[in-house]
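Asks: FYI, in the numbering used here the residues of the sequence shown are 182 to 400.
The structure is given below, and queries will be raised subsequently.
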Amino acid sequence: MIAENKIKIWSLRTSWMIMLILSVVVFLNVTDYFSFRTDIEFLLWKGTLVKDIAWMAAFYMHITSSLVCLITGPLQFVPRWRNRYPKLHRKLGKAYVFTILFFAAPSGLYMGFYANGGFWAKLGFIILALLWFVTTYLAIRTAMQRDFVAHRKWMVRSYALVFSAVTLRVYMPLLTYFIGELGLPTMNPELAVVVTSWINWVPNLVVGELLLRFTPKNL
Numbered sequence: 182m183i184a185e186n187k188i189k190i191w192s193l194r195t196s197w198m199i200m201l202i203l204s205v206v207v208f209l210n211v212t213d214y215f216s217f218r219t220d221i222e223f224l225l226w227k228g229t230l231v232k233d234i235a236w237m238a239a240f241y242m243h244i245t246s247s248l249v250c251l252i253t254g255p256l257q258f259v260p261r262w263r264n265r266y267p268k269l270h271r272k273l274g275k276a277y278v279f280t281i282l283f284f285a286a287p288s289g290l291y292m293g294f295y296a297n298g299g300f301w302a303k304l305g306f307i308i309l310a311l312l313w314f315v316t317t318y319l320a321i322r323t324a325m326q327r328d329f330v331a332h333r334k335w336m337v338r339s340y341a342l343v344f345s346a347v348t349l350r351v352y353m354p355l356l357t358y359f360i361g362e363l364g365l366p367t368m369n370p371e372l373a374v375v376v377t378s379w380i381n382w383v384p385n386l387v388v389g390e391l392l393l394r395f396t397p398k399n400l
């Protein structure tokens, strides 16, 4: 049993480190946006919205705050780091929660109403933003109530939704290009947006629930 728990702990730590590395890759991937050019990838899809000051403000708020959460999130789940630096854990946790509740989720919700792909794509991204807000709010509320078992569960769910920023950037090129290299039919970009608006976060939540079910309770 002890050996089994050690394997689970090692596997979980490795998973969090992989997530951290992928988050850094996403950070490097979006640095071009901070040149404030509007002829880059995602912004090319948005047409006249790039001239809308409110939408552009929400866009930059969203990518900046999401990057903060992506990179700080995995550190919160490493038991040795959390136990060794409890004050830093709390400070980073508060920063993570504040960033989501006041910046990342609200800006994501606003942008969801302008998503490409029509009604179903908009709905997928809007639900993602709402769940992101709710899971993070419940994470901080349970921490304030000192129910740390529930706090851990809600934090895992919250970060599973944060990680949609990574999976989104995996699925879009996969569906529109890479599966074609395997001889499979690719999707047109509009359909890929609709599909990705759901699969970039629903499987993440499923994986999060599996982690909660099958990992030791003290992680």
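Glycine included, C-beta positions come from ideal geometry on N, C-alpha and C.
All of these numbers come straight from a predicted model, not from anything done at the bench.
Assign Pro255 to one of two classes, buried (16 or more other C-beta atoms within 10 Å of its C-beta) or exposed (fewer than that).
Replies: buried
Asks: Name the residue from Thr348, Val347 and Thr316 whose alpha carbon lies nearest to the alpha carbon of Arg333.
Replies: Considering only alpha carbons, the answer is Thr316.
Asks: Val388 to Ala341, Cα distance in whole Å?
Replies: 8 Å
Asks: Would you check if there are 3 or more beta carbon pairs closer than 8 Å linking the segment 353 to 362 to the segment 212 to 221?
Replies: Flag = no, the segment 353 to 362 and the segment 212 to 221 do not touch.
Asks: Quick check: Ala373 and Thr357, are their CB atoms within less than 8 Å of each other?
Replies: yes
Asks: I think Ala294 touches Ser246, with their Cβ atoms under 8 Å apart; what is that distance to the nearest whole Å?
Replies: Ala is not the amino acid found at residue 294; the sequence shown has Phe there. The pair is not a contact, with the Cβ atoms about 18 Å apart (cut-off 8 Å).
Asks: So, is Lys268 buried or exposed, given that buried needs 16 or more other C-beta atoms within 10 angstroms?
Replies: exposed
Asks: Rounded to the nearest angstrom, what separates Val375 and Ile308 at their Cα positions?
Replies: 13 Å
Asks: Would you say Ala346 and Val231 are within 8 Å of each other, going by their C-beta atoms?
Replies: no
Asks: Is the beta carbon of Cys250 less than 8 Å from the beta carbon of Tyr277?
Replies: yes
Asks: Would DSSP call Tyr295 helix, strand or coil?
Replies: coil
Asks: Would you mind stating whether Gln257 and His243 have Cβ atoms separated by less than 8 Å?
Replies: no
Asks: My understanding is that Leu392 touches Val337, with C-beta atoms under 8 Å, so please give their C-beta distance in whole angstroms.
Replies: 6 Å
Asks: Output the residue ranges of the beta strand (DSSP E) runs that lie fully inside the segment 232 to 291 and measure 3 residues or longer, sorted by chain position.
Replies: none
Asks: In whole angstroms, give me the CA-to-CA distance for Lys227 and Asn297.
Replies: 8 Å
Asks: Rank Ala235, Asn264 and Tyr214 by C-alpha distance to the C-alpha of Leu225 and give the top, closest one.
Replies: Tyr214
Asks: Helix, strand or coil for Leu342, going by three-state DSSP, please let me know.
Replies: helix
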